[in-house]
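Scroll down for the structure; my scribbles are underneath it.
In mature numbering (1 follows the signal peptide of the UniProt record, and there is no 0), the protein residues as written are -23 to -1, 1 to 150.
The following block contains the structure:
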């Protein structure tokens, strides 16, 4: 009986150690600080999206006006809609990252909340990121966007002259 209790206790301690190690590893490898991604003078292009639209190409980018540790003001520019000045209020969407904001509540010019954008993953240098977007419109499905800094798209264009990029297809925006 004492042997089985010792074995059970050892098993619980080993599992706990594995869980702690796994959590620490996730902390080290997960890049999801929304401030670091948005704090650029580059246009941030929507390079790809799961959003369904009538037109094939979605030409949309954000351009930061200013940013603080709690939020940002930015212009959202697209072919489909007039340019709008939006405010993003940073928040922590996941309980696993208490010190980093990984999402923003987006407000329009009328100070009405119009959506939630959650940074799911960012590259190590924060040049590109995957966002989950939830617009607060009736019947609007949640979708994902791959967003990329303009300088990266320009670099890709130089490296592969024939490679299509969002900035090439959206040059009039």
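We put the beta carbon where it would ideally sit given N, CA and C, even for glycine.
Buried versus exposed call for residue i [16 or more other C-beta atoms within 10 Å across all chains shown]
| i | result |
| --- | --- |
| residue 106 | buried |
| residue 104 | buried |
| residue -16 | Note that residue -16 scores 49 on pLDDT, short of 50, meaning its location in the model is unreliable; the coordinates nonetheless yield the value given after this. Per the 10 Å Cβ criterion, exposed. |
| residue 130 | buried |
| residue 83 | buried |
| residue 113 | exposed |
| residue 135 | exposed |
| residue 5 | Its pLDDT being 41, under 50, residue 5 is placed unreliably by the model, and nothing is read from it. |
| residue 132 | exposed |
First and last residue of the uninterrupted alpha helix (DSSP H) at residue i
| i | result |
| --- | --- |
| residue 35 | Counting along the chain, residue 35 falls outside any alpha helix (DSSP H), and DSSP gives it neither H nor E. |
| residue 12 | 11 to 15 |
Beta-carbon proximity check, residue i vs residue j, cutoff 9 Å
| i | j | result |
| --- | --- | --- |
| residue 80 | residue 14 | no |
| residue 128 | residue 39 | no |
| residue 41 | residue 49 | yes |
| residue 120 | residue 11 | no |
| residue 97 | residue 9 | yes |
| residue 110 | residue 123 | no |
| residue 29 | residue 118 | yes |
| residue 35 | residue 126 | no |
Rounded Cβ spacing between residue i and residue j (contact assumed at less than 8 Å)
| i | j | result |
| --- | --- | --- |
| residue 85 | residue 63 | 6 Å |
| residue 70 | residue 91 | That belief does not hold up - the Cβ atoms of residue 70 and residue 91 are roughly 17 Å apart, past 8 Å. |
| residue 53 | residue 61 | 5 Å |
Bounding residues of the beta strand (DSSP E) (the contiguous stretch that carries residue i)
| i | result |
| --- | --- |
| residue 124 | 120 to 126 |
| residue 102 | First-last for residue 102: undefined, no H or E at that position. |
| residue 70 | Looking at the DSSP string, residue 70 is not in any beta strand (DSSP E), and its letter there is neither H nor E. |
| residue 25 | 21 to 26 |
| residue 116 | Segment: none, residue 116 is in no beta strand (DSSP E) and carries neither H nor E. |
| residue 49 | 48 to 55 |
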